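Sequential numbering of the sequence shown, starting at 227, is according to the numbering used here. For every residue, glycine included, the Cβ atom is placed at its ideal position computed from N, Cα and C. Since this is a predicted model, take the numbers as computed values, not measurements. Step one of this worksheet: look at the structure below.
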Amino acid sequence: MNGHIFKLSTGGRFALAARTFCALAGIDSTDERAAKANLPPVDSLNMWPFISGLDSKSPRTDIPANIETLISDDYKIILGDVEQAGWTGPQYPNLTNPAGGIKAVEHCGDTGCLYNIKNDPEERVNLASKMPDMLKTMRSKLAQYQKGYFNPERGKAWPHSCEVAKDHYGGYWGPFLP
227 MNGHIFKLST GGRFALAART FCALAGIDST DERAAKANLP PVDSLNMWPF
277 ISGLDSKSPR TDIPANIETL ISDDYKIILG DVEQAGWTGP QYPNLTNPAG
327 GIKAVEHCGD TGCLYNIKND PEERVNLASK MPDMLKTMRS KLAQYQKGYF
377 NPERGKAWPH SCEVAKDHYG GYWGPFLP
């Protein structure tokens, strides 16, 4: 970098996380306690070579956003129902729905909706029927990530958690006990 500001113009998407910071600090990112408890390993990559400009391509090409959504290179697959599936106008909220919110639901189901997020960043064109091979590839990749998805039982939702966030933490989540 030689003290110069650089621009990432590769179109790559990246997430800074544990392995990047551990590599910078010169420490191992392996979580031995988690491994002994049969928890999944740290889902992270050392992004520093990409961020610093030493490598031109990000080592992370897949981003499993949640159990039903995967971004891989230029494509995104979504399974299930997508609530608030719509686009706002240049001025929002407006008189289209004065109460706010988008009432549309996109039903992607088990087959999935497929988008090219590079060419269609607003996800307006579902390519699932036009690109069945890519849809199959993306479903297969997502299925592999789903096998390792970690979602522990967190107990019942506490109905006052939003009030605590608003009143005690200025609208942000913070630690609290019900």
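Who pairs with residue i in a beta bridge, going by DSSP?
{"i": "I297", "result": "I289 and K302"}
{"i": "V308", "result": "E332"}
{"i": "N342", "result": "Y301"}
My understanding is that residue i touches residue j, with C-beta atoms under 8 Å, so please give their C-beta distance in whole angstroms.
{"i": "L340", "j": "A354", "result": "4 Å"}
{"i": "S270", "j": "A243", "result": "4 Å"}
Measure the CB-CB distance between residue i and residue j and report whether it falls below 8 Å.
{"i": "G338", "j": "I303", "result": "yes"}
{"i": "P266", "j": "F402", "result": "no"}
{"i": "A391", "j": "W384", "result": "no"}
{"i": "Q372", "j": "I293", "result": "yes"}
{"i": "C248", "j": "D254", "result": "yes"}
Does residue i come out as helix, strand or coil in the three-state DSSP assignment?
{"i": "T337", "result": "strand"}
{"i": "V351", "result": "coil"}
{"i": "E332", "result": "strand"}
{"i": "E258", "result": "helix"}
{"i": "K356", "result": "coil"}
{"i": "L271", "result": "coil"}
{"i": "D281", "result": "coil"}
{"i": "H186", "result": "It is not possible to answer for residue 186, since the shown part of the chain is limited to 227 through 404."}
{"i": "Q317", "result": "coil"}
{"i": "A368", "result": "Rather than Ala, the amino acid found at residue 368 in this sequence is Leu. If DSSP states are grouped into helix, strand and coil, L368 belongs with the helices."}
Exercise. Touching or not, the region 271-279 and the region 296-307, by the rule of three or more beta carbon pairs under 8 Å?
Worked result: no
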